[in-house]
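Below is one structure, written out as structure tokens; comments come after it.
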Amino acid sequence: MQLRGRAALVTGAGRRLGRAIAVGLGARGADVVVHHHASEREARETAAIIERGGARAHVARADLRDPDAAPRLVAEALEVLGGLDVLVNSAAEMPRTPFGTTTAAEWDETFALTLRAPFLLSQAAAPHLAAREGAIVNLADLAAFETWPDYVPHGIAKAGVVQLTRALARVLAPRVRVNAVAPGAVLLPDAWGEGEAERLAATTPLGRIGTPDDVVRAVCFLLESDYVTGETLIVDGGRHVRR
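As structure tokens, this is what we get:
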């Protein structure tokens, strides 16, 4: 798939990796619906960057923890763009949830946004993607392959994203390809300091922290590679092979 002239919906595109992906697709000529929940100012900044590059951008708000929001968001993207070629499921949060104190509400909220929303968005978008031989890219996480004691629900949900990717790749073939990217330390939490960054760099085989562009290139590779489906591409500087 060549991205120029394509129509894309990127969730969680107001900030961090979602913004980088949306801007990256726009830079390659795709028109982008920039989804956000509570980051309207940042989402409009993302859209402005895309438009300055010559592509179209539209800002759409939705709380994807609401199961009814997914089909509404897809319908809005279709109305604005006239069709849909690409869905990038990037929206997620990563709250600290130590095992002994995690509540049922925290568990449900994590799964609603991180796993259920990509499923419902894919379900709503699938017929329209199939009509144009489109593609889905899900954002997984290195936590899907490692155990992080303070983020157990997050890790389980992201492992579910990996399996969701495999299942949808089979269900939606041959008209829609479905892949995932699992970033490692490419964009650190805002509250982390230099010490944590240095520690991560020192324990990463490639000896550095990654960048959002590393993830953007992986997403674009999967979108543009017409004979790849059902794969999860780990972008972590080799952290998953340390042991």
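In numbering that gives the first Met the number 0, the protein residues as written are 0 to 242.
C-beta atoms are modelled at their ideal positions from N, C-alpha and C, and glycine is treated no differently.
If the five residues before and after Arg238 are omitted, its C-beta is found closer than 6 Å to the C-beta atoms of Gly183, Thr203, all from its own chain and listed in chain order. In this structure, Gly209 lies near Val185, with their beta-carbon atoms less than 7 Å apart. Pairing Glu92 with Arg15, the inter-Cα distance amounts to about 11 Å. Here Asp212 carries a helix assignment [DSSP, helix/strand/coil].
His57 and Ile155 have their C-alpha atoms some 32 Å from each other. Arg169 and Thr102 have their C-alpha atoms spaced approximately 34 Å apart. Three or more pairs of CB atoms, one per stretch, sit closer than 8 Å, so the segment 119-138 contacts the segment 55-69. Distance from the Cα of Ala143 is smallest, within the candidate group Arg40, Gly159, Ser224, for Gly159. In the DSSP assignment, Asp30 falls within the beta strand (DSSP E) that extends over 30-35. Fully contained in the segment 47-123 are the following beta strand (DSSP E) runs of length 3 or more, in chain order: 56-60, 85-88.
Looking at the backbone, the Cα of Val234 and that of Leu128 are separated by about 26 Å. Counting every other CB atom within 10 Å of its CB across the protein chains shown gives Leu141 a total of 16 or more, marking it as buried.
For His35 and Pro152, the gap between their C-alpha atoms comes out near 22 Å. When the alpha-carbon of Leu80 is set against those of Arg55, Arg71, Glu230, the nearest one is in Arg55. CA-to-CA, the gap between Gly133 and Pro148 works out to about 37 Å. DSSP, reduced to helix, strand and coil, places Arg165 within a helical segment of the structure shown.
For Arg174 against Asp84, the beta-carbon gap comes to about 12 Å, at or over 8 Å, which does not count as contact. DSSP places Val234 inside the beta strand (DSSP E), whose first and last residues are 231-234. Residue pairing by DSSP places Ala134 opposite Val85, Arg176 in a beta bridge. Spanning the alpha carbons of Ala130 and Gly99 requires a straight line of approximately 47 Å.
For Thr146, the number of other beta carbons within 10 angstroms of its own is below 16, and it is reported as exposed. The beta carbons of Ala47 and Val31 sit no closer together than 7 Å.
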